[in-house]
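Down below is the structure, laid out as structure tokens.
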Amino acid sequence: MSENVSSLKDVPLADFCTYHTGGKARSLKIVYDVNGLLETAVGDFAVIGCGSKLLISDSGYDGKVILMRLSGIELTERGVYAYAGAPLPALARFCENNSLKGLEWACGIPGSVGGAVKLNAGAFGKSISDVVDYVDVLKESKLVRLSRDEINFGYRSSDISSVIVGAGFALIRTDEDMAALRKKYFSQRRATQPRGFSCGSVFKNADMPAGKYIEQAGLKGLAHGGAVISEKHANFIINTGFASSKDIFTLIRTVKAEVKSKFDVLLQEEVIYLGEFY
Ligand SMILES: Cc1cc2nc3c(=O)[nH]c(=O)nc-3n(C[C@H](O)[C@H](O)[C@H](O)COP(=O)(O)OP(=O)(O)OC[C@H]3O[C@@H](n4cnc5c(N)ncnc54)[C@H](O)[C@@H]3O)c2cc1C
8 MSENVSSLKD VPLADFCTYH TGGKARSLKI VYDVNGLLET AVGDFAVIGC
58 GSKLLISDSG YDGKVILMRL SGIELTERGV YAYAGAPLPA LARFCENNSL
108 KGLEWACGIP GSVGGAVKLN AGAFGKSISD VVDYVDVLKE SKLVRLSRDE
158 INFGYRSSDI SSVIVGAGFA LIRTDEDMAA LRKKYFSQRR ATQPRGFSCG
208 SVFKNADMPA GKYIEQAGLK GLAHGGAVIS EKHANFIINT GFASSKDIFT
258 LIRTVKAEVK SKFDVLLQEE VIYLGEFY
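The numbering used here puts the first residue of the sequence shown at 8, with every later residue one more than the last.
Take a look at the structure:
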């Protein structure tokens, strides 16, 4: 095994997700470079980037989990290239430092480049797919470059089913004050989003923002165990410190049932489940 892979057994996955809940993985491979990934990404496995969109079962994951820690961001002719494990805020700051515009809205999103491309992360009316030039993936143990046209991006989704190794972004050179833009986005986040352990928005927006449905269903502040629906932003479920994943899952089920019965709208989860939930 390459020295660029750390292999661990029976590891608590709560340490690798922003909800800080969930049980153990039977096997965890922390991968630091492409060779390590080529060695490791064989057979069945689940992938975690920064775990900022995941709800991991309290019974854990009975299999191999690959934790993507391939990092590195470099300038290219058309913008930047970032490895999948690079944190989005680092990518946004790199672009700012190089006067490149197109990813400044991503400064407050605590995900990895791989997770953001896979889920087509976005904020303030922008999505990562607006600036994706190409994506490198692992297909049958080979590196393959997908051009933007070969990928179908949707709202918080893509049809990429392979492990993302890195992505190229086409960006625009700018004279704008990028630091001022970053500060504006941060303060908008602080004003509208709660602090605490969460996965960001739990539900995808429907014909109206999911948070509005939840608020109008009178569910703000509803708690189960250590989980609570945020008073500040109803689409956030917060782990107050002692929640289990089951507590969070119970609130998710309650929200879906209440919104369905009051408005006949079935909200779809944006949060991704890892492991078994019932
Ligand atoms: C406080 C807070 C604020 C947030 N704000 C926003 C926001 O404004 N906009 C937004 O879109 N999201 C937001 N999020 C959600 C989250 O940060 C994004 O969805 C992020 O892009 C997820 O990346 P990740 O690396 O954490 O993915 P993970 O949670 O680790 O994984 C999510 C999914 O992507 C897959 N995946 C991860 N890496 C790879 C890879 N290299 N190859 C293939 N598949 C991969 C996983 O298998 C999983 O299915 C927020 C979350 C929090 C906690």
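Note that CB positions come from ideal geometry on N, CA and C, so glycine has one too.
Asked: Residues near P96 by beta carbon distance below 8 angstroms, same chain, minus five either side; Found: A113, C114, G115, I116, P117
Asked: Beta-bridge pairing of S14 - partner residues as DSSP gives them; Found: K36
Asked: Reference D69; option with closest CA among L35, Y285, T199; Found: L35
Asked: Length at least 4, wholly inside the stretch 173-234: the alpha helix (DSSP H) runs in chain order; Found: 185-199, 217-223
Asked: G29 (DSSP reduced to helix, strand or coil); Found: coil
Asked: Cβ neighbour criterion (16 or more within 10 Å) applied to V311; Found: Since the first residue shown for the chain is 8 and the last is 285, residue 311 is missing from the structure and cannot be characterised.
Asked: Proximal residues to A230 (C-beta, below 7 angstroms), its chain only, five neighbours per side dropped; Found: none
Asked: Where the beta strand (DSSP E) containing N246 begins and where it ends; Found: 244-246
Asked: Expected contact under 8 angstroms - CB spacing of N127 and S134 to nearest Å; Found: 5 angstroms
Asked: Selection from S136, D184, A213 that minimises the alpha carbon distance to S164; Found: S136
Asked: Buried versus exposed call for M215 [16 or more other C-beta atoms within 10 Å across all chains shown]; Found: exposed
Asked: Burial state of S168, where buried means 16 or more other Cβ atoms lie within 10 Å; Found: exposed
Asked: M185: CB within 8 angstroms of a non-hydrogen atom of ligand 1; Found: no
Asked: Cβ-heavy atom distance, G50 to ligand 1, below 8 angstroms; Found: no
Asked: K60 in three-state terms, based on DSSP; Found: coil
Asked: Spatial distance of C206 from I244 (CA atoms); Found: 8 angstroms
Asked: Distance cut-off 8 angstroms: R163 Cβ against heavy atoms of ligand 1; Found: yes
Asked: Alpha-carbon spacing of Y162 relative to G43, whole angstroms; Found: 32 angstroms
Asked: For G86, the three-state DSSP class (helix, strand or coil); Found: strand
Asked: Contacting residues, own chain, Cβ-Cβ under 7 angstroms from A48 (five flanking each side not counted); Found: I73, L145, V170
Asked: Local Cβ density within 10 Å of E277, reported as buried at 16 or more and exposed below that; Found: buried
Asked: Rounded Cβ spacing between S64 and G29 (contact assumed at less than 8 angstroms); Found: 6 angstroms
Asked: For E84 and S283, the rounded distance between their alpha carbons; Found: Here residue 283 turns out to be Glu, not Ser, going by the sequence shown. Approximately 44 angstroms, taken between the alpha carbons.
Asked: Near ligand 1: Q195 beta-carbon under 8 angstroms from a heavy atom; Found: no
Asked: Endpoints, the alpha helix (DSSP H) within which A48 is located; Found: Looking at the DSSP string, A48 is not in any alpha helix (DSSP H), and its letter there is neither H nor E.
Asked: Distance between A89 and N105 (C-alpha atoms, nearest Å); Found: 14 angstroms
Asked: Whether A99 touches V138 by CB criterion (9 angstroms); Found: no
Asked: K239, DSSP secondary structure in three states; Found: coil
Asked: Sub-9 angstroms separation of G173 and G121 beta-carbons; Found: yes
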